[in-house]
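First the structure, in the form of structure tokens, and then the observations on it.
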Amino acid sequence: MLNIPLVDLRAQYQALKPELDAKIKEIIEHTAFIKGKDLERFEREFAEYCGVKRCVAVKSGTAALFLAFKALELGPGEVIIPVNTFIATAEVIHQNNLSIKFVDVDRETFLMDLEGVKAAITPYTKAIVPVHLYGQMVDMHALKELIGSRDIKIIEDACQSVGANINGVGLAKFSDIACVSFFPSKVLGAYGDGGAILTNSNELADKIAMLRDHGRKPSDKYIHTIEGYNERLDNLQAGILRVKLRHLEEWLKARQRNAMLYNNYLKDVSQVVLPKTQPNAKHVYYVYVVMVERRDELREYLKQHGVASGIHYPVPLHLQPAYNWMGLKEGDFPVAEYQAKRILSLPMYPELSEEQIKKICELIKEFYERH
Ligand SMILES: Cc1ncc(COP(=O)(O)O)c(C=O)c1O
């Protein structure tokens, strides 16, 4: 029987064990746990990799989103977000005294529907959060054009899309701030929680750097300019991320190759809708998501044959118990609801072999032949 997980973090550790172990040992021996050299260097190296002026590393992707809103001080008003995303995109809006305005997603790309965004903009709109879901960026140029001269901030939720770009343009180019996550399973994953903000504004970067560290400037340990939070990324995680960053591009290529293999092996299965990539988009395939008929039965069949799968996400946010009070109901966001019943994330990680992908696809074909 097969034994293929959705994500295999062990394979990556085995490949980098000497480098990672040496870095972890070095940091522990230097007892440089908080605000150490690796944190500073990681921020510089990651900003350079992303082609952005500044990176401020924080404790998680959620912290990055929370502090981005804090720093922008948007006050009361509305923030437009897609209805299919992880709840963190939404939580931070209410935590910053703003209200959520959900929009539906695109039928083919799964991304926030830009026509829906256009219709959702009101004089109360303070910000829009494009979520670069599954590893593919929203068309930021089109979003920017649609906003026109209105004073609406853009905060990118790029937690799933480190390394992605569209028309050659990467994160934080058309936005005020982009937020990324280094959750262990992400394309660039720490060994615990981690995240960062990316921005070309020195002012915003400095403010977020203060907010994450009890409101103090790096130059003065005992002076707290403002009240802040403890949301620093620790040095050990930064050191691990520095080692991994050197391998990121090769991992992204492997993810893309794996996605192409899936596309090829599944192209003739009529019950499977393949993921759609926008023209000129560099999709980094954080997850590989297909839409299928009889999803839950297929999932069970794969499980029985030793293949794990996931659903990102089975319940759109407007139907989550946490948002019952908003009075939204089934039927309000039909595309996201349709997709939520059919989407299936297949195993995806750089070390996944062609042989394994072929076997997974054979099982899928077999399921539809037999059932
Ligand atoms: C789209 C999206 N937003 C936000 C987050 C939150 O990131 P973290 O888990 O690092 O807090 C995640 C990650 O889980 C995510 O996928």
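My numbering numbers the first residue of the sequence shown as 2 and each following residue consecutively. We put the CB at the ideal spot given by N, CA and C, even for glycine. Only a predicted model underlies this, so the values are computations on that prediction, with no experimental measurement involved.
Could you work out which residue in the options is closest to residue i when comparing CA atoms only?
i: Glu370; options: Lys304, Asn325 and Leu299; result: Leu299
i: Glu294; options: Pro19, Asp207 and Ala341; result: Ala341
i: Val59; options: Ile81, Ala179 and Ile129; result: Ala179
i: Val288; options: His306, Thr110 and Gln15; result: Thr110
i: Gln96; options: Lys119, Leu112, Ala72 and Ala255; result: Ala72
i: Gly332; options: Val53, Pro317, Glu49 and Ala239; result: Pro317
i: Phe87; options: Gly169, Arg343, Ile209 and Pro131; result: Pro131
i: Met113; options: Lys366, Gly195, Ala337 and Phe368; result: Ala337
i: Tyr324; options: Glu228, Phe103, Phe368 and Ala120; result: Phe103
i: Gln357; options: Asp39, Gln272, Ala260 and Val290; result: Ala260
i: Met292; options: Val139, Phe184, Lys330 and Ile344; result: Ile344
i: Glu157; options: Met141, His284, Ser150 and Glu367; result: Met141
Determine the extent of the alpha helix (DSSP H) in which residue i is found, giving its start and end residues.
i: Pro19; result: Leu10 to Glu30
i: Glu1; result: Outside the displayed span of the chain (2 to 372) sits residue 1, for which this structure offers no information.
i: Tyr50; result: Lys38 to Cys51
i: Met211; result: Asn203 to Leu212
i: Val93; result: Ala89 to His95
i: Lys71; result: Gly62 to Leu73
Kindly indicate the opening and closing residues of the beta strand (DSSP E) around residue i.
i: Cys56; result: Arg55 to Val59
i: Thr200; result: Gly196 to Thr200
i: Val181; result: Ile178 to Ser182
i: Leu347; result: Ile344 to Leu347
i: Val293; result: Tyr289 to Val293
Pop quiz: residue i and residue j are said to be a contact at Cβ under 8 Å. What is the actual Cβ separation, rounded to whole angstroms?
i: Gln373; j: Gly136; result: This structure cannot settle anything about residue 373, because the visible part of the chain is limited to 2 through 372.
i: Ile35; j: Arg233; result: 7 Å
i: Ala173; j: Leu199; result: 4 Å
i: Ala206; j: Val57; result: 5 Å
i: Leu75; j: Leu99; result: 6 Å
i: Val244; j: Glu20; result: 5 Å
i: Ser346; j: Leu7; result: 7 Å
What are the residues that DSSP puts in a beta bridge with residue i?
i: Lys100; result: Reading off the sequence, residue 100 comes out as Ser, not Lys. For Ser100, which the question treats as bridged, DSSP gives the partners Glu79.
i: Lys366; result: None; Lys366 has no bridge partner.
i: His225; result: Arg217
i: Ile241; result: Looking at the DSSP assignment, Ile241 forms no beta bridge with any residue, so it has no partner.
i: Lys283; result: Asn166
i: Lys35; result: Checking the sequence, you will find Ile at residue 35 rather than Lys. Its beta-bridge partners do not exist; DSSP assigns none.
i: Met113; result: Val106
i: Arg233; result: Val59
i: Val273; result: Val293
Requested in this report: Would you mind listing the alpha helix (DSSP H) stretches within the stretch 300 to 363 that are 4+ residues and don't spill past its ends, in chain order?
Outcome: Qualifying alpha helix (DSSP H) stretches, in chain order: 335 to 341.
Query raised in the report: Considering only residues of the stretch 119 to 191, which uninterrupted alpha helix (DSSP H) runs meet the minimum length of 4 residues and lie entirely inside it, listed in chain order?
Result: Runs of the alpha helix (DSSP H) inside the stretch 119 to 191: 141 to 148.
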